[in-house]
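Data block below; observations after.
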Amino acid sequence: MITFGNTTFTIDQIRRGEGNHLPSTYRKAFNFCEQWLNGKDNFDLLTSGSTGLPKKVTVSRKQLAESAKATKAFFGFNKGCKMLCCLDTEKVGGKMMLVRALEWEGELIVKPADGNPLKGLENEFFDFVALVPLQVEKSLTSKKGALALEKIKNIIIGGAPISANLRVKLSLLPGKVFQTYGMTETVSHIALANLKSHGNLIYQALPNVQVKVDASNRLMILAPMGGKAWLQTNDIVNLEGENSFTWKGRADHVVNSGGIKIHPEEVAQKIGDLMQEYFPNCMFFLAGIKDDKLGQALTLVIEGKEDVEAGKLLLQRAKSLLPKFHNPRKILFFPQFKLTSSGKIDQLRTLAK
57 MITFGNTTFT IDQIRRGEGN HLPSTYRKAF NFCEQWLNGK DNFDLLTSGS
107 TGLPKKVTVS RKQLAESAKA TKAFFGFNKG CKMLCCLDTE KVGGKMMLVR
157 ALEWEGELIV KPADGNPLKG LENEFFDFVA LVPLQVEKSL TSKKGALALE
207 KIKNIIIGGA PISANLRVKL SLLPGKVFQT YGMTETVSHI ALANLKSHGN
257 LIYQALPNVQ VKVDASNRLM ILAPMGGKAW LQTNDIVNLE GENSFTWKGR
307 ADHVVNSGGI KIHPEEVAQK IGDLMQEYFP NCMFFLAGIK DDKLGQALTL
357 VIEGKEDVEA GKLLLQRAKS LLPKFHNPRK ILFFPQFKLT SSGKIDQLRT
407 LAK
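Residue numbers (the working numbering): 57 to 409.
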């Protein structure tokens with residue numbers, strides 16, 4: 057059974073297309089389920105657009121089914137498991153929740169992809185929920201939201217790296233919590249990292265997924281959900297063992313500052329605790345801003361009220377945590393970041409303000 061908003065449908069009702077009366081919010085999700093149940097072979101997915109323009113990717117039914125199969129094997133879910141879909145079903149994260157429910161014969165509740173997805177679900181117990189960091193942060197700010205999170209047995213969080221502070225909060229939840237690694241081309245995640253572990257996050261590949269690196273330490277993936285050939289990514293990683301790795305950043309998102317190549321995501325991970333100390337609960341990212349002397353200056357971009365003194369103290373202390381010449385050169389403040397529909401920071405639109 058799948059519940060769209062307040063209306064529950066059996067699989068046969070969805071197959072027959074009996075959802076015409078549904079609000080427009082749920083029509084596309086319902087239509088996808090109807091097409092799936094009637095054997096459609098190929099589907100179009102949109103990339104997130106968090107670092108560039110969204111693009112359309114066509115994937116096969118087999119790829120989507122293989123992804124659902126691998127996740128089921130990793131967690132050991134059974135028929136009838138209860139799930140919540142609160143991600144944009146036009147993007148791969150939300151669409152895969154629909155596929156999983158159909159392939160696993162689970163019970164799924166579909167809600168709009170907003171910042172407070174667990175509102176009104178405080179008394180519900182879920183076996184499996186996928187969220188983005190912003191949704192988790194928002195849920196933890198209220199008693200009811202935190203209570204709802206405590207009733208979820210397995211949470212996967214994707215779309216963007218989580219902060220060090222959020223990782224600490226998540227470690228206190230009774231259920232299992234994982235950060236995902238994947239992309240639209242691999243139809244959702246191909247590896248998961250246990251957020252309750254200590255130290256660097258180590259991603260473990262799903263069953264039947266193989267990983268290796270090229271000469272530049274860019275991750276390569278061979279997976280049934282990614283197609284028949286090795287998929288070359290632009291992610292720089294360190295291999296940590298058989299089919300496991302730590303993520304450093306993107307090869308196409310390297311800041312060249314005076315000849316020093318810097319991975320902004322790696323710096324963000326290292327200064328996460330400092331950010332929480334000086335700018336608690338503020339979203340941030342690092343980017344290369346054009347500079348006459350350096351070519352690009354690594355810049356810390358913070359959402360919130362400008363605080364020059366706190367910023368100076370943060371940058372001074374960051375020097376002791378970072379390799380030489382990897383310290384942010386300046387800070388930019390924005391009252392509010394631009395976000396994608398799935399809740400990721402839209403860096404290009406934010407900086408274009």
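The beta-carbon is built from N, C-alpha and C at its ideal position, and this holds for glycine as well. Model, not experiment: these values are computed from the prediction.
Leu377 and Ile345 closer than 8 angstroms at C-beta: Position 321 of the sequence shown, counting from 1, holds the residue named residue 377. Position 289 of the sequence shown, counting from 1, holds the residue named residue 345. Contact: no.
Between the CA atoms of Phe86 and Ser227 - distance to the nearest angstrom: Within the sequence shown, residue 227 is the residue found at index 171, counting from 1. Within the sequence shown, residue 86 is the residue found at index 30, counting from 1. If I take the Cα positions, the gap works out to 35 angstroms.
Segments assigned beta strand (DSSP E), at least 3 residues, entirely inside the segment 62 to 117: 63 to 65, 98 to 102 and 112 to 116
Ala220 beta carbon less than 8 angstroms from that of Asp100: Counting from one through the sequence shown, the residue named residue 100 turns up at place 44. Counting from one through the sequence shown, the residue named residue 220 turns up at place 164. Their beta carbons are not under 8 angstroms apart, which means Asp100 does not touch Ala220 by this criterion.
Contact the segment 353 to 363 vs the segment 282 to 296: 3+ CB pairs below 8 angstroms: no
Enclosing alpha helix (DSSP H) for Asp329 [first to last residue]: Locating residue 329 in the sequence shown gives position 273, counting from the first residue. That run of the alpha helix (DSSP H) goes Gly328 to Tyr334.
N- and C-terminal bounds of the alpha helix (DSSP H) containing Ser195: Counting from one through the sequence shown, the residue named residue 195 turns up at place 139. Here the alpha helix (DSSP H) through Ser195 covers Pro189 to Leu196.
Length of the line joining the Cα atoms of Thr236 and Arg156: Working through the sequence shown from its first residue, we reach residue 236 at position 180. Working through the sequence shown from its first residue, we reach residue 156 at position 100. C-alpha separation (whole angstroms): 16 angstroms.
Where the alpha helix (DSSP H) containing Met276 begins and where it ends: Position 220 of the sequence shown, counted from the first residue, corresponds to residue 276. It is not in any alpha helix (DSSP H) - Met276 instead sits in the beta strand (DSSP E) that spans Arg274 to Leu278.
Identity of the residue in Ser300, Gly61, Gly132 and Ala307 nearest Leu248 by Cα: Here residue 248 is taken as the residue at index 192 of the sequence shown, counted from 1. Selected option, being the one with the closest Cα: Ser300.
Glu122 versus Leu287: straight-line alpha-carbon distance, rounded: Locating residue 122 in the sequence shown gives position 66, counting from the first residue. Locating residue 287 in the sequence shown gives position 231, counting from the first residue. Cα-Cα distance, rounded: 16 angstroms.
Length-filtered (4 minimum) alpha helix (DSSP H) runs lying within the segment 123 to 209: 148 to 160, 189 to 196 and 199 to 206
Check whether Leu257 and Thr302 have beta carbons under 8 angstroms apart: Residue mapping note: residue 257 aligns to position 201 of the sequence shown, counting from 1. Residue mapping note: residue 302 aligns to position 246 of the sequence shown, counting from 1. Going by C-beta atoms, Leu257 is nearer than 8 angstroms to Thr302.
Beta-carbon proximity list for Gly367, same chain, < 7 angstroms, skipping 5 on both sides: Sequence index remark: in the sequence shown, residue 367 carries index 311 (1-based). Closer than 7 angstroms at Cβ, skipping near neighbours: Ile387.
Distance, Met339 Cα to Leu370 Cα: Reading the sequence shown from its first residue, position 314 is the one you call residue 370. Reading the sequence shown from its first residue, position 283 is the one you call residue 339. So the alpha carbons of these two residues sit roughly 15 angstroms apart.
Burial state of Glu321 (16 or more Cβ within 10 Å): The residue given as residue 321 occupies position 265 in the sequence shown. Buried is the call here.
First and last residue of the uninterrupted alpha helix (DSSP H) at Glu365: Within the sequence shown, numbered from 1, the residue matching residue 365 stands at position 309. Where Glu365 is concerned, the enclosing alpha helix (DSSP H) stretches over Val364 to Ala374.
Exposed unless 16 or more other CB atoms sit within 10 angstroms - verdict on Asp348: Start at 1 with the first residue of the sequence shown, and residue 348 comes out as number 292. Asp348 should be labelled exposed.
Touching by the beta-carbon criterion (3+ pairs, under 8 angstroms), the segment 180 to 189 and the segment 128 to 140: yes
Status (buried if at least 16 other CB within 10 Å, exposed otherwise) for Ala271: Here residue 271 corresponds to residue number 215 of the sequence shown, with the count starting at 1. So Ala271 counts as exposed.
With 16 other Cβ atoms within 10 Å as the buried cut-off, status of Pro379: Reading the sequence shown from its first residue, position 323 is the one you call residue 379. It is exposed - the Cβ of Pro379 has fewer than 16 other Cβ atoms within 10 Å.
Host alpha helix (DSSP H) of Leu354 (start-end): Within the sequence shown, numbered from 1, the residue matching residue 354 stands at position 298. Per DSSP, Leu354 lies in no alpha helix (DSSP H); the unbroken beta strand (DSSP E) holding it starts and ends at Gly351 to Glu359.
Within 8 angstroms, strictly: CB atoms of Lys375 and Asn383: Within the sequence shown, the letter at position 319 stands for residue 375. Within the sequence shown, the letter at position 327 stands for residue 383. Against a cut-off of 8 angstroms, the Cβ pair of Asn383 and Lys375 comes out as a contact.
Touch test, the segment 259 to 268 against the segment 82 to 98, Cβ-Cβ under 8 angstroms, three pairs minimum: The segment 259 to 268 makes no contact with the segment 82 to 98, as fewer than three CB pairs between them are under 8 angstroms.
Straight-line gap, Glu159 to Ser253 (C-alpha atoms, nearest Å): By one-based count along the sequence shown, residue 159 stands at place 103. By one-based count along the sequence shown, residue 253 stands at place 197. Between Glu159 and Ser253, the C-alpha separation is close to 30 angstroms.
The segment 236 to 245 contacting the segment 115 to 134, beta-carbon criterion three pairs below 8 angstroms: Output reads yes: the segment 115 to 134 touches the segment 236 to 245.
Residue from Leu356, Trp92, Met276 and Ala279 with nearest C-alpha to Met152: Position 96 of the sequence shown, counted from the first residue, corresponds to residue 152. Comparing alpha-carbon positions, the option among Leu356, Trp92, Met276 and Ala279 lying closest to Met152 turns out to be Trp92.
Coarse secondary structure for Ala307, derived from DSSP in three states: Residue mapping note: residue 307 aligns to position 251 of the sequence shown, counting from 1. DSSP places Ala307 within a helical segment (H, G or I) once states are collapsed to three.
Environment of Glu193 [buried if 16+ CB atoms lie within 10 Å]: For the purposes of this step, residue 193 is taken as residue 137 along the sequence shown, with counting starting at 1. Classification of Glu193: buried, given that the 10 Å Cβ count is 16 or more.
Proximity test, Gly171 beta-carbon vs the ligand NAD heavy atom, cut-off 7 angstroms: The ligand NAD is not among the ligands present in this structure, which contains no ligands whatsoever.
First and last residue of the uninterrupted alpha helix (DSSP H) at Asn221: Locating residue 221 in the sequence shown gives position 165, counting from the first residue. Residue range Ala220 to Ser227 is occupied by the alpha helix (DSSP H) that includes Asn221.
Paired residues, beta bridge with Met59 - DSSP: What you label residue 59 is simply residue 3 of the sequence shown in a count that begins at 1. With the sequence shown as reference, residue 59 is identified as Thr, and Met is not the correct amino acid for it. DSSP output for Thr59 lists Thr64 and Ile165 as bridge partner(s).
Per-residue burial, Ser450 [other beta carbons within 10 Å of its own, 16 or more giving buried]: Within the shown structure, residues of the chain are numbered from 57 to 409, placing residue 450 beyond reach of any answer.
Per DSSP, the bridge partner or partners of Met239: In the sequence shown, counting from the first residue as 1, residue 239 sits at position 183. BP columns for Met239 point to Ser244.
One or two residues paired with Leu295 in a DSSP bridge: Taking the first residue of the sequence shown as position 1, residue 295 is located at position 239. Paired residues: Phe301.
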